[in-house]
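The structure appears right after this line, and notes come after that.
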Amino acid sequence: GAVVSQHPSWVICKSGTSVKIECRSLDFQATTMFWYRQFPKQSLMLMATSNEGSKATYEQGVEKDKFLINHASLTLSTLTVTSAHPEDSSFYICSARRRGGVTYNSPLHFGNGTRLTVT
Amino acid sequence: DQQVKQNSPSLSVQEGRISILNCDYTNSMFDYFLWYKKYPAEGPTFLISISSIKDKNEDGRFTVFLNKSAKHLSLHIVPSQPGDSAVYFCAATLASGGSYIPTFGRGTSLIVHP
């Protein structure tokens, strides 16, 4: 159980275009989803916390107008990279926490990530 | 400023021997620690965790040790197997605020040689 599906797994786009990444919890409801970004040989950097039905909470330094997050249902959150530029090329990973599992000892369930390359 | 540090980017171990992955943290308020394992092109998966009220937690071949005074934890894998080859992330959680969002280290790439 606790499967998180992330789509697409990789995407190549031209500079200036927008890319949408989907994150779905397949067998559980996730009131909270998290979006991370990972640079090569770097840690998972939290970009934003997405709560179902409310606005996402962005970490300091993350442009909310550039990285649009929508969490319309208990099983789906989307991250849209708007007007992508080569510096946005990275590995983006979503994760979800089970509904009712907001405790310190409830681990996150991660998607397989999306490799974004902006040319 | 990294609050969770994994100073060894890689570790190479022979099959059957013990793998020891280390993690240090700077925030003494962290009260729960987790290890995640990540294969290439996949997301991290939860491996094992430990509460700050304990100093050891064991699950099969995996044992996590916590030294609060030193702000240090380690993951021991014994015996190591080739399938354990992956990147291991240490993460720490702060209970205050209620969000329990983990802070990750940079990961240590473990290679277990047959």
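First to last, the sequence lines map onto chains H and F.
In terms of this note's numbering, the first sequence opens at residue 15 and continues consecutively.
In terms of this note's numbering, the second sequence opens at residue 2 and continues consecutively.
Backbone N, C-alpha and C define an ideal beta-carbon position, used for all residues, glycine too.
Hey, how far is the Cα of residue i from the Cα of residue j?
{"i": "F/Ile-19", "j": "H/Gln-56", "result": "25 angstroms"}
{"i": "F/Thr-64", "j": "H/Gly-127", "result": "27 angstroms"}
{"i": "H/Ser-91", "j": "H/Lys-78", "result": "15 angstroms"}
{"i": "F/Lys-69", "j": "F/Asp-56", "result": "8 angstroms"}
{"i": "F/Leu-67", "j": "F/Cys-24", "result": "10 angstroms"}
{"i": "H/Val-18", "j": "F/His-73", "result": "31 angstroms"}
{"i": "F/Phe-47", "j": "H/Leu-88", "result": "21 angstroms"}
{"i": "F/Ala-42", "j": "F/Asn-8", "result": "23 angstroms"}
{"i": "F/Gly-106", "j": "H/Cys-27", "result": "30 angstroms"}
{"i": "F/Lys-13", "j": "F/Lys-38", "result": "The residue you asked about is not Lys; residue 13 of chain F is Ser in the sequence shown. Going from the Cα of F/Ser-13 to the Cα of F/Lys-38 covers about 16 angstroms."}
{"i": "F/His-77", "j": "F/Asp-60", "result": "10 angstroms"}
{"i": "H/Phe-105", "j": "F/Tyr-26", "result": "25 angstroms"}
{"i": "H/Ser-103", "j": "F/Tyr-40", "result": "20 angstroms"}
{"i": "F/Gly-108", "j": "H/Pro-121", "result": "17 angstroms"}
{"i": "F/Lys-6", "j": "F/Asp-85", "result": "21 angstroms"}
{"i": "F/Ser-116", "j": "F/Ser-29", "result": "The requested residue 116 of chain F does not occur in the structure, where chain F is confined to residues 2 to 115."}
{"i": "H/Phe-69", "j": "H/Leu-130", "result": "Residue 69 of chain H is actually Lys in this sequence, not Phe. So the two alpha carbons sit approximately 24 angstroms from each other."}
{"i": "F/Ala-71", "j": "F/Cys-91", "result": "16 angstroms"}
{"i": "H/Ser-39", "j": "H/Tyr-50", "result": "16 angstroms"}
{"i": "H/Glu-101", "j": "H/Phe-42", "result": "34 angstroms"}
{"i": "H/Lys-34", "j": "F/Gln-15", "result": "42 angstroms"}
Spatial neighbours of residue i within its chain, please: C-beta separation below 6 angstroms, excluding the five flanking residues on both sides.
{"i": "F/Ser-110", "result": "Ser-11 and Val-88"}
{"i": "H/Glu-36", "result": "His-21 and Thr-92"}
{"i": "F/Gly-17", "result": "Pro-80"}
{"i": "H/Tyr-72", "result": "Ala-62 and Lys-78"}
{"i": "H/Ile-83", "result": "Ala-62, Ser-64, Ala-70 and Leu-93"}
{"i": "H/Trp-24", "result": "Arg-129"}
{"i": "F/Ile-112", "result": "Ser-13 and Ser-86"}
If the cut is a Cβ gap below 9 angstroms, which residues of chain H does residue i touch?
{"i": "F/Phe-66", "result": "None at all; the shortest Cβ gap to chain H is about 18 angstroms."}
{"i": "F/Pro-10", "result": "Lys-55"}
Can you list, in chain order, the residues of its chain whose CB lies under 8 angstroms from that of residue i, leaving out five sequence neighbours each side?
{"i": "F/Tyr-33", "result": "Ser-50, Ile-51, Ser-52, Ser-53, Ala-93, Thr-94, Ala-96 and Tyr-101"}
Can the beta-carbon of residue i be found less than 9 angstroms from the beta-carbon of residue j?
{"i": "H/Met-59", "j": "H/Ser-109", "result": "no"}
{"i": "H/Thr-96", "j": "H/Lys-80", "result": "yes"}
{"i": "H/Thr-133", "j": "H/Ser-29", "result": "yes"}
{"i": "F/His-114", "j": "F/Pro-80", "result": "no"}
{"i": "H/Ala-98", "j": "H/Glu-66", "result": "no"}
{"i": "H/Ile-107", "j": "F/Pro-103", "result": "no"}
{"i": "H/His-123", "j": "H/Arg-112", "result": "yes"}
{"i": "F/Phe-31", "j": "F/Gln-4", "result": "yes"}
Which bits of chain H does residue i rub up against, with CB to CB less than 8 angstroms?
{"i": "F/Phe-31", "result": "Ordered by position in chain H, no residue passes the 8 angstroms Cβ test against F/Phe-31, which lies about 10 angstroms from the chain."}
{"i": "F/Ile-102", "result": "Phe-48, Leu-60 and Thr-63"}
{"i": "F/Phe-34", "result": "What F/Phe-34 touches in chain H: nothing, since even the nearest Cβ is about 10 angstroms away."}
{"i": "F/Phe-90", "result": "Ser-57 and Leu-58"}
Specify the secondary structure class of residue i as computed by DSSP and reduced to three states.
{"i": "H/Asp-102", "result": "helix"}
{"i": "F/Asp-25", "result": "strand"}
{"i": "H/Asp-79", "result": "coil"}
{"i": "F/Asp-1", "result": "No statement about residue 1 of chain F is possible, as the shown extent of chain F runs from 2 to 115 and does not include it."}
List the residues of chain H whose Cβ lies closer than 7 angstroms to the Cβ of residue i, in chain order.
{"i": "F/Phe-105", "result": "Ser-57 and Leu-58"}
{"i": "F/Gly-108", "result": "Ser-57"}
Residues of chain F with CB under 8 angstroms from residue i, in chain order?
{"i": "H/Gly-127", "result": "Ala-42, Glu-43 and Gly-44"}
{"i": "H/Ile-107", "result": "Gly-44 and Pro-45"}
Listing by chain order, which chain F residues have their CB less than 9 angstroms from the CB of residue i?
{"i": "H/Phe-124", "result": "Tyr-37, Lys-39, Glu-43, Gly-44, Pro-45, Thr-46 and Phe-47"}
Below 8 angstroms, is the gap between the Cβ of residue i and the nearest heavy atom of the ligand PLP?
{"i": "F/Arg-62", "result": "Because no ligand of any kind appears in the structure shown, any question about the ligand PLP cannot be addressed here."}
Closer than 7 angstroms by C-beta to residue i: which residues in its own chain qualify, once you throw out the five before and the five after it? Chain order, please.
{"i": "F/Ile-21", "result": "Ser-75 and His-77"}
{"i": "H/Phe-53", "result": "Ser-104"}
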